[in-house]
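Below, the structure written as structure tokens:
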């Protein structure tokens with residue numbers, strides 16, 4: 027049975043004659059070189075879902091593009107639970123440091139971009155995750171959140187199923203998921219190589235650094251404590267437990283839907299005295315499903331400070347129910363709500379129900395209202411559905427450019443993560459890249475045939491691959507589709523040459 031620490035030791039520091047020495051702080055730890063795109067979600071409960079294999083993504087010739095992410099991962103020896111868990115972990119990492127909650131939702135398999143809801147569709151996530159084969163050099167693509175994209179394609183993430191994928195080695199799923207979820211939340215790129223939001227994949231990264239954290243908090247703020255841990259209040263220990271006996275309703279329940287643990291080691295304590303008309307059973311239900319990505323754990327502790335019942339969930343967003351029978355009127359018990367695992371997964375919003383009656387505990391739904399798609403985004407196009415050849419009037423700050431799914435006319439502003447050309451350059455089986463660190467140093471010649479995901483660009487303009495279609499392009503100088511916005515090499519925020527910086531685009535001719 028799990029134990030609980032119910033005493034504290036005071037730490038006595040012995041005097042020392044040691045002279046204090048200055049500590050050198052690493053430069054990268056202090057520089058804040060993140061960027062944001064100007065996009066963010068309206069509802070701070072942001073859902074994500076995994077689209078089923080076979081979900082329609084785009085029209086293409088000779089075969090339409092459909093998602094095959096699960097099949098591709100399974101073929102590489104990864105179970106559905108294993109590869110999806112990497113995304114769940116990545117979502118929890120972002121949630122832990124910002125004023126948002128990320129919730130996994132079901133997905134009905136409707137075609138990409140077809141929902142009438144920009145956010146809050148109950149049948150699919152705000153961020154939908156799928157995959158299909160793309161050109162070599164590309165790992166994943168992500169559409170930016172509203173208002174940069176104003177159709178339901180906003181925030182959607184697609185992995186390149188032609189690439190090898192792994193857990194804990196190249197190419198690490200969680201590393202790429204962290205980067206792409208960052209884009210889906212509104213993050214741009216960081217100039218710090220150790221940051222998750224660095225422009226290219228250059229190794230395994232399973233946690234955020236200070237630059238990533240500063241960036242996401244500049245968009246959504248820091249996590250805020252709940253009513254029991256603000257304005258000088260705290261219920262983080264049994265001695266300061268909140269007495270909820272007077273809040274028992276007519277069926278002897280206390281429902282508390284708006285609670286949060288906003289630090290890795292935080293916990294909340296509640297106290298209840300058994301009423302005269304008790305059912306004889308004390309139940310405690312901690313719910314994070316539909317609320318956050320936290321793994322919940324709840325304990326029932328008696329007045330002698332012994333744990334008499336506990337339960338936990340291993341789900342990133344689950345339900346933990348502890349129950350103890352034989353309670354008597356007048357007895358006092360404590361309820362402790364904590365995270366059920368370690369690190370980021372101990373942080374998030376939750377609901378707690380204390381039940382001394384016979385009625386079942388109600389499930390707390392997502393209460394944020396749906397937000398419909400709307401006209402706007404790029405130019406005068408409706409819901410960011412832009413036919414090939416149309417001209418956008420502006421571009422969002424920090425983005426790589428307009429991205430189009432296959433040969434369909436559904437697209438929006440986004441990024442496509444590429445591989446650092448210097449990464450594994452001399453490793454066996456790694457593709458060679460003649461372009462070195464700057465893909466635009468190579469004067470590409472002619473228009474070739476490229477897989478979906480390929481991109482060909484040069485300083486003279488943009489060249490489009492001919493078959494079976496393009497997934498991404500960026501502005502060029504001379505009459506490209508679409509042309510550069512606000513003049514060559516600049517965007518609406520006057521960031522210099524975002525397309526030459528080539529932050530996340532495909533590297534063409536990777537194997538040549």
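In my numbering, the protein residues as written are 27 to 538.
We put the CB at the ideal spot given by N, CA and C, even for glycine.
Treat the numbers as computed from the prediction; the structure is a model and nothing was measured.
CA-to-CA distance, residue 124 to residue 326, given in whole angstroms: For the purposes of this step, residue 326 is taken as residue 300 along the chain shown, with counting starting at 1. For the purposes of this step, residue 124 is taken as residue 98 along the chain shown, with counting starting at 1. If you take the alpha carbons of residue 326 and residue 124, they lie about 30 Å apart.
query: Quick one: Cα of residue 145 to Cα of residue 330, how far?
result: Taking the first residue of the chain shown as 1, we reach residue 145 at position 119. Taking the first residue of the chain shown as 1, we reach residue 330 at position 304. Cα to Cα, the separation comes out at about 48 Å.
message: For residue 441 and residue 168, I'd like the C-alpha separation in whole angstroms.
response: Indexing the chain shown from 1 puts residue 441 at position 415. Indexing the chain shown from 1 puts residue 168 at position 142. Going from the Cα of residue 441 to the Cα of residue 168 covers about 5 Å.
query: In the structure shown, what three-state DSSP assignment does residue 270 receive?
result: Taking the chain shown and counting its residues from 1, one reaches residue 270 at position 244. Coil at residue 270, not helix or strand.
- request: Please report the residue range of the beta strand (DSSP E) in which residue 248 lies.
  value: For the purposes of this step, residue 248 is taken as residue 222 along the chain shown, with counting starting at 1. Looking at the DSSP string, residue 248 is not in any beta strand (DSSP E), and its letter there is neither H nor E.
query: Would DSSP call residue 320 helix, strand or coil?
result: Mapped onto the chain shown, residue 320 falls at position 294. DSSP places residue 320 in coil when its eight states are reduced to three.
message: Helix, strand or coil, according to DSSP, for residue 341 in the structure here?
response: For this step, residue 341 is matched to residue 315 along the chain shown. Looking at residue 341 - three-state DSSP - the assignment turns out to be coil, as it is neither helix nor strand.
- prompt: What did DSSP end up calling residue 539 once you bin it into helix, strand or coil?
  reply: Only positions 27 to 538 of the chain appear in this structure, which leaves residue 539 out of reach.
Range covered by the alpha helix (DSSP H) that runs through residue 113: Numbered from 1 along the chain shown, position 87 holds the residue referred to as residue 113. Its alpha helix (DSSP H) spans residues 106-121.
message: Quick check on DSSP: helix, strand or coil for residue 520?
response: Position 494 of the chain shown, counted from the start, is the residue given in the question as residue 520. Because the pLDDT of residue 520 is 29, which lies under 50, any placement of that residue in the model is unreliable, and the question is left without a value.
field: Run of the alpha helix (DSSP H) containing residue 98, from where it starts to where it stops
entry: Residue mapping note: residue 98 aligns to position 72 of the chain shown, counting from 1. Where residue 98 is concerned, the enclosing alpha helix (DSSP H) stretches over 95-101.
- prompt: Going by the CB atoms, is the gap between residue 304 and residue 212 shorter than 8 Å?
  reply: As a first step, residue 212 is located in the chain shown; it is residue number 186 there, counting from the start. As a first step, residue 304 is located in the chain shown; it is residue number 278 there, counting from the start. In this structure, residue 304 does not lie closer than 8 Å to residue 212 by Cβ.
message: Can you give me the C-alpha to C-alpha distance between residue 339 and residue 375, rounded to a whole angstrom?
response: Within the chain shown, the letter at position 313 stands for residue 339. Within the chain shown, the letter at position 349 stands for residue 375. Taking the straight line joining both Cα atoms gives about 15 Å.
field: Environment of residue 162 [buried if 16+ CB atoms lie within 10 Å]
entry: Stepping through the chain shown from its first residue, residue 162 is reached at position 136. Burial call: buried.
message: If I measure Cβ to Cβ from residue 271 and keep anything under 6 Å in the same chain, skipping five residues before and after, which residues do I get?
response: By 1-based counting over the chain shown, the position of residue 271 is 245. The answer, listed in chain order, is 298, 299.
Rounded distance between the beta-carbons of residue 67 and residue 171, thought under 8 Å: As a first step, residue 171 must be located in the chain shown, where it is residue number 145. As a first step, residue 67 must be located in the chain shown, where it is residue number 41. Residue 171 to residue 67, Cβ: 5 Å. Contact.
message: Tell me the residue span of the beta strand (DSSP E) that contains residue 280.
response: In the chain shown, residue 280 corresponds to position 254, counting from 1. First-last of the beta strand (DSSP E) with residue 280: 279-287.
- prompt: Does DSSP put residue 234 in a helix, a strand or coil?
  reply: Numbered from its first residue, the chain shown carries residue 234 at position 208. For residue 234, the secondary structure class from DSSP, reduced to helix, strand or coil, is coil.
- prompt: What is the rounded straight-line gap between the Cα of residue 235 and the Cα of residue 133?
  reply: Mapped onto the chain shown, residue 235 falls at position 209. Mapped onto the chain shown, residue 133 falls at position 107. Distance between the alpha carbons of residue 235 and residue 133: 32 Å.
field: Element boundaries [beta strand (DSSP E), containing residue 129]
entry: Here residue 129 refers to the residue found at position 103 when the chain shown is read from its first residue. Where residue 129 is concerned, the enclosing beta strand (DSSP E) stretches over 127-130.
Beta-carbon contacts of residue 390 that lie in its chain and below 7 Å, excluding the five residues immediately before and after: Taking the first residue of the chain shown as 1, we reach residue 390 at position 364. So the qualifying residues of the chain are 283, 313, 316, 317, 377.
field: Short Cβ contact (8 Å threshold) for residue 182 with residue 138
entry: Within the chain shown, the letter at position 156 stands for residue 182. Within the chain shown, the letter at position 112 stands for residue 138. Inclusion of residue 182 and residue 138 in the CB contact set at 8 Å is warranted, their separation being smaller than that value.
task: Return the residue from the list 395, 438, 386, 74 that minimises the CA-CA distance to residue 177.
output: Residue 177 sits at position 151 when you count from the first residue of the chain shown. Residue 177 has its Cα closest to that of 438, out of 395, 438, 386, 74.
- prompt: Tell me the DSSP bridge mates of residue 443?
  reply: As a working mapping, residue 443 is identified with position 417 in the chain shown. Answer by DSSP bridge pairing, in chain order: 166.
- prompt: Which residues bound the alpha helix (DSSP H) around residue 65?
  reply: Within the chain shown, residue 65 is the residue found at index 39, counting from 1. That residue, residue 65, is in no alpha helix (DSSP H); it is neither H nor E in DSSP.
- request: Report yes if the CB atom of residue 143 is closer than 8 Å to the CB atom of residue 399, and no otherwise.
  value: Numbered from 1 along the chain shown, position 117 holds the residue referred to as residue 143. Numbered from 1 along the chain shown, position 373 holds the residue referred to as residue 399. Cβ distance < 8 Å, so residue 143 and residue 399 count as in contact.
field: C-alpha gap between residue 354 and residue 306, whole angstroms
entry: Walking along the chain shown from the start, residue 354 turns up at place 328. Walking along the chain shown from the start, residue 306 turns up at place 280. Spanning the two alpha carbons is a distance of roughly 6 Å.
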